[in-house]
Ligand SMILES: Cc1ncc(COP(=O)(O)O)c(C=O)c1O
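Residue numbers (this note's numbering): 75 to 510.
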């Protein structure tokens, strides 16, 4: 294979990374990859090696690297005007806000734009507190909300929390993690004990009245934990009984990723008061959104500002991503290709006992690895082996879970069965070599 013009000495890029970045900026793989180019479903490293990208920079490259339609929109917008700040209106921002009103569920109407999921979640929590006049928030264990003081306090992972929670009044409910049920029960005989416990959590650890419940429809960083049927409906009832708003964090689950619907929460019979999202909306361009009902948005007082919020270039990219998903019917594609993917993953589970659980929705599918199917002891070592083996076979995957024992995938929304076959073949041979 001819080497790309952008080739440099790999060790130079990686060694500068190691020398000049915070060590906490950890990279995947024993020998970290330096990526220099991306096109469609593929990326290239600085040694000229080509990889099938099945994680999209954490479910962020949603419609393919360097998607020509998105690139064109970005280039056209840069030529017109790159930055305005929110002190002036701009067309892509107004158009995206209108579009979000059209495609978000229920009565969501008014948007606030930022540059990341962290800021989107912060804005949602602040808005809920202001709108309700209350200050306590219920979130889930195994959740991830980002890096600000508020988002870190809301996050339900010690591994991602360098400091103790800095913001008071955030309580963590048991996750609806059926594979590792915190009550050692089985659905549906459990009677949704994890949802029911939220009422006691509110009554015992808060003032009894909350500002909001915030959750990811599928816990992403937590390892694609999918709540059982009826869970969100019951939690929404309890939340509203205690004065709270329902916030759906769609940073990973938005934009058709879960199949057939724009947003993950639409698979359950719940109308959120606020939705947040980021990642896949920009296909790699930094963008964060907080969309609220008019009652919530209109109560936000006085002035607020985000320098890069509503940036015309990010907004143009987001509009192009949404248009591409619509034009190519990618919500349907995510459901169809996702169903095929799921069936192929279940076949792998039948073959390899190290796979304890297969879960997810649409094109958000994960494998939880265990040392023993009875004890369910987490097996992060096998994840690392599978990582090295799949990389050797030219396929990139992701990981997650509190114990680092979950393989996460986030192929592009416009992936085909061929993509899945290539990914499955790499996983199959990696498992046969690494985890039996
Ligand atoms: C569900 C969820 N919310 C919020 C965030 C924070 O987003 P960002 O990293 O863009 O600040 C993430 C990031 O992974 C996420 O997965």
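Don't be surprised by glycine CBs; every beta carbon is placed ideally from N, CA and C.
Item, Value
"Tell me residue 433's beta-bridge partners as DSSP assigns them.", "440"
"Going by CA-CA distance only, name the one from 361, 450, 459, 231 that's closest to residue 293.", "231"
"How long is the line joining the alpha carbons of residue 389 and residue 204, rounded to whole angstroms?", "27 Å"
"Can you tell me which of 476, 211, 126 puts its alpha carbon nearest to the alpha carbon of residue 115?", "126"
"Pair every Cβ in the segment 127–146 with every Cβ in the segment 465–472, then say whether three or more of these pairs are closer than 8 Å.", "yes"
"Measure from the alpha carbon of residue 387 to the alpha carbon of each residue in 145, 106, 102, 104, then state which is nearest.", "145"
"For residue 506 and residue 423, what's the separation of their Cα atoms in angstroms?", "12 Å"
"Pull up the distance between the alpha-carbon of residue 163 and that of residue 277, whole angstroms please.", "44 Å"
"At which residues does the beta strand (DSSP E) containing residue 147 begin and terminate?", "That residue, residue 147, is in no beta strand (DSSP E); its alpha helix (DSSP H) goes 142–154."
"Of the residues 458, 492, 490, 491, which one's Cα is nearest the Cα of residue 482?", "458"
"Report the three-state DSSP secondary structure of residue 226 (helix, strand or coil).", "helix"
"List the residues that DSSP assigns as beta-bridge partners of residue 114.", "139"
"The beta strand (DSSP E) spanning residue 107 covers which residue range?", "Unbroken run through residue 107: none, as it is neither H nor E."
"Note down, one range per segment and in chain order, each beta strand (DSSP E) of at least 3 residues found wholly within the segment 194–257.", "211–214, 244–247"
"Kindly indicate which three-state DSSP category residue 130 falls into: helix, strand or coil?", "helix"
"Identify, in the order they occur along the chain, each residue of the same chain with its Cβ nearer than 7 Å to the Cβ of residue 244, setting aside the five sequence neighbours on each side.", "211, 213, 227, 228"
"Does residue 20 come out as helix, strand or coil in the three-state DSSP assignment?", "In the structure displayed, the chain extends from 75 to 510; residue 20 sits before or after that span and is not available."
"Kindly list the residues whose CB is nearer than 6 Å to the CB of residue 510, restricted to its own chain and excluding five residues on each side of it in sequence; keep chain order.", "Confidence is the limiting factor: at residue 510 the pLDDT is only 47, short of 50, which leaves the residue's position unreliable and the question unanswerable from this model."
"Do you know how far the Cα of residue 282 is from the Cα of residue 90?", "51 Å"
"Flag this pair as yes or no: are the beta carbons of residue 437 and residue 487 separated by less than 8 Å?", "yes"
"Taking the beta strand (DSSP E) that residue 284 belongs to, which residues open and close that run?", "That residue, residue 284, is in no beta strand (DSSP E); it is neither H nor E in DSSP."
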